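If you count by the UniProt record's numbering, then the sequence shown holds residues 1 to 413, one letter each, in order.
Using N, Cα and C, we set each Cβ at its ideal position, and we do this for glycine too.
Keep in mind that this is a model prediction, so the values were computed, not measured.
I have placed the structure first, in the form of structure tokens, so that the comments after it can refer back to it.
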Amino acid sequence: KIFQAVVSCIGGDGTIYIIPKSFETALNKLMAEIQNTFKGLGLLIPYCWKKGEACVVRGSDTVWYRAKIVEVSGSTLQVQYIDRGYIESIPQCHLYPTTFYTGIPPFCIPCQLYKTLPIGNFWQQEAVEYLQELLKNEEVEIHVKELPDNPWGKLSISLYCGGMSLSSFMAYQRYCVAEDCQDIQKLGEFEGDLLPSYLLQPLPVPGETFPVTVTHLVSPKEVYICLDSSENLTKCSATERSASCDSESLRKALKWCNKIVKTLPHLTDFKKELPCLAEYVDGLWYRAKLLSITQLVPVQILVQFVDYGTYLVAPTSRLRHIPCHLLKYPVQAVRVLLAGFRPASDDKNMERIPYSPEWSLKALWTMVDCVEGKRLSASILTVSPEVTISLYGDDKNLVHLKLIEMGLAELDQ
């Protein structure tokens with residue numbers, strides 16, 4: 001069985017506690033009922049607690065949770081939050097014994113990685129802390145491999161985060177030995193002379209109108225667009241729905257890669273068009289490709305972020321090898337030319353775009369105002385030799401009409 005879940009806790013012995021996404025509604029309903037039933041402080045009178053006894057615990061967030069007594073030690077009790085998995089030492093005044101809700105099974109499931117042997121036969125503290133850092137509160141994909149021998153045992157699973165096997169990754173980090181490491185190559189460097197490349201985004205058929213966002217402008221006429229199917233998937237074409245699914249899967253994969261980016265090797269090869277991960281000015285890492293070396297001492301590389309179209313000159317310290325599984329997602333940004341207009345022959349504005357001097361800077365900034373943050377739609381006119389589109393604003397008018405009104409462009413039939 002395969003299902004989505006959220007990792008609620010990593011136990012001190014490396015046990016992974018998960019809450020299936022399908023359980024969330026029922027768990028939230030139970031939590032709301034518990035809050036209505038128990039109010040105020042815990043039990044303030046003396047009470048003889050027993051190991052394994054059911055109780056409710058008032059957490060540090062002042063919320064009541066189901067729990068059970070794990071160990072009794074004077075005035076402090078060790079309890080396990082049965083719907084979360086984690087164990088905590090709690091003063092007796094924050095607990096309340098109860099037989100309520102004991103007929104409802106725990107919502108979290110204890111798991112172990114299938115056919116994965118920790119180094120030294122148990123998970124070292126460093127490995128447990130690393131698992132906590134990587135997984136806590138993350139949404140993951142669970143593949144059930146073996147059921148436990150008893151109902152309270154651990155479920156044997158393969159866990160995937162961002163499309164990558166956790167067992168393979170931990171084996172790559174030398175925390176364990178995993179029998180099934182088929183995708184360990186996803187973290188490796190590219191080998192051989194074959195230059196890897198990104199997949200291109202499939203486009204809607206010419207003549208079909210589809211929603212887009214503009215992610216980067218090179219000039220008023222040359223822009224990068226992304227298919228935007230976020231508003232209403234039921235009305236979207238198959239191409240747009242596929243793009244939306246790819247975009248969400250890519251987002252999760254990149255989120256995971258940002259967590260493990262320090263484990264990825266720095267680039268040592270600087271071939272043109274080579275895919276890589278590059279750090280943007282916001283401190284996050286995105287998919288990119290190398291364009292050229294702009295400076296030798298120190299080395300500076302011009303890269304393009306393939307899912308946005310934007311460019312950056314970066315030192316080699318901000319470039320890393322890209323895991324191979326990130327190449328399976330098509331590039332999100334598509335370079336297009338806008339049809340129907342050309343630079344105004346009588347544009348007297350002296351400030352020009354340095355790399356495209358036929359256009360004034362005022363025309364560029366006016367176009368930015370027309371498309372930035374707007375709900376746009378497009379229709380493809382031609383796909384060869386360049387993808388050429390008509391681009392419409394949220395008022396359904398062609399976006400370039402504003403430039404023509406201001407004398408910054410003229411109609412091009």
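With a cut-off of 8 Å on Cβ pairs, the region 339 to 350 is in contact with the region 386 to 393, counting three or more such pairs.
Our two residues, C9 and S360, have alpha carbons roughly 56 Å apart in a direct line.
In the DSSP assignment, I16 falls within the unbroken beta strand (DSSP E) covering I16 to P20.
In this structure, C111 sits near L155, with a CB-CB distance shorter than 8 Å. F341: member of the beta strand (DSSP E) spanning F341 to P343, first to last residue.
Assignment of beta strand (DSSP E) within the region 350 to 412, counting only whole runs of 3 or more residues, yields 356 to 360, 376 to 382, 388 to 392 and 409 to 411 in chain order. Spanning the alpha carbons of A333 and L274 requires a straight line of approximately 17 Å. Looking at the DSSP output, Q112 shares a beta bridge with S156. Taking C-beta atoms under 8 Å as the contact rule, P97 and I82 fail to qualify, at a distance of about 14 Å. Under the DSSP assignment, K29 falls outside any beta strand (DSSP E), being part of the alpha helix (DSSP H) whose first and last residues are E24 to T37.
Secondary structure of I293 (DSSP, three-state): strand. The shortest CA-to-CA distance from Y101 to any of I34, S249 and I119 is the one to I34.
Considered as a whole, the UniProt domain "Tudor" (269 to 329) harbours 275 to 279, 285 to 295, 300 to 305 and 311 to 315 as its complete beta strand (DSSP E) runs of no fewer than 3 residues, in chain order. Under the 8 Å Cβ criterion, the region 249 to 256 counts as touching the region 312 to 329, having at least three qualifying pairs.
An exposed status is given to R174, since fewer than 16 other beta-carbon atoms sit within 10 Å of its beta-carbon. Between the C-alpha atoms of A314 and L302 there is a straight-line separation of about 6 Å.
Relative to I19, the option among I90, Y86, F169 and S292 whose CA is nearest is Y86. When the five nearest sequence neighbours on each side are left out, the beta carbons in the same chain lying within less than 6 Å of the beta carbon of L113 are those of S167, in order along the chain. With fewer than 16 other Cβ atoms inside 10 Å of its own Cβ, G74 counts as exposed.
Distance between A127 and W64, taken at the CA atoms: about 31 Å. The residues K272, I301 and L302, in chain order, have a CB closer than 8 Å to that of S292 in the same chain once the five nearest residues on each side in sequence are set aside.
Under the three-state reduction of DSSP output, A253 falls in the helix class. For the set V212, W285, V297 and K115, the Cα lying nearest the Cα of H266 is the one of W285. Taking one beta carbon from each stretch, the region 204 to 211 and the region 373 to 384 have 3 or more pairs nearer than 8 Å; the two touch.
Per DSSP, Y224 is one residue of the beta strand (DSSP E) stretching across E222 to L227. Remark: C-beta atoms of K402 and T366 approach each other more closely than 8 Å. The three-state secondary structure of T102, taken from DSSP, is coil. If you look at Q4, you'll find it in the beta strand (DSSP E) that goes I2 to I10. In this structure, the CA atom of E410 is about 5 Å from the CA atom of A344. Close CB contacts of F305 within its chain, under the 6 Å cut and outside five residues either way in sequence, are with Y286 and A288 (chain order). Separation of N121 and L131 (C-alpha to C-alpha, rounded to the nearest whole angstrom) is 16 Å. E53 and C93 have their C-alpha atoms roughly 16 Å apart. Of the candidates D307, Y311 and S317, the residue whose Cα lies closest to the Cα of P298 is S317.
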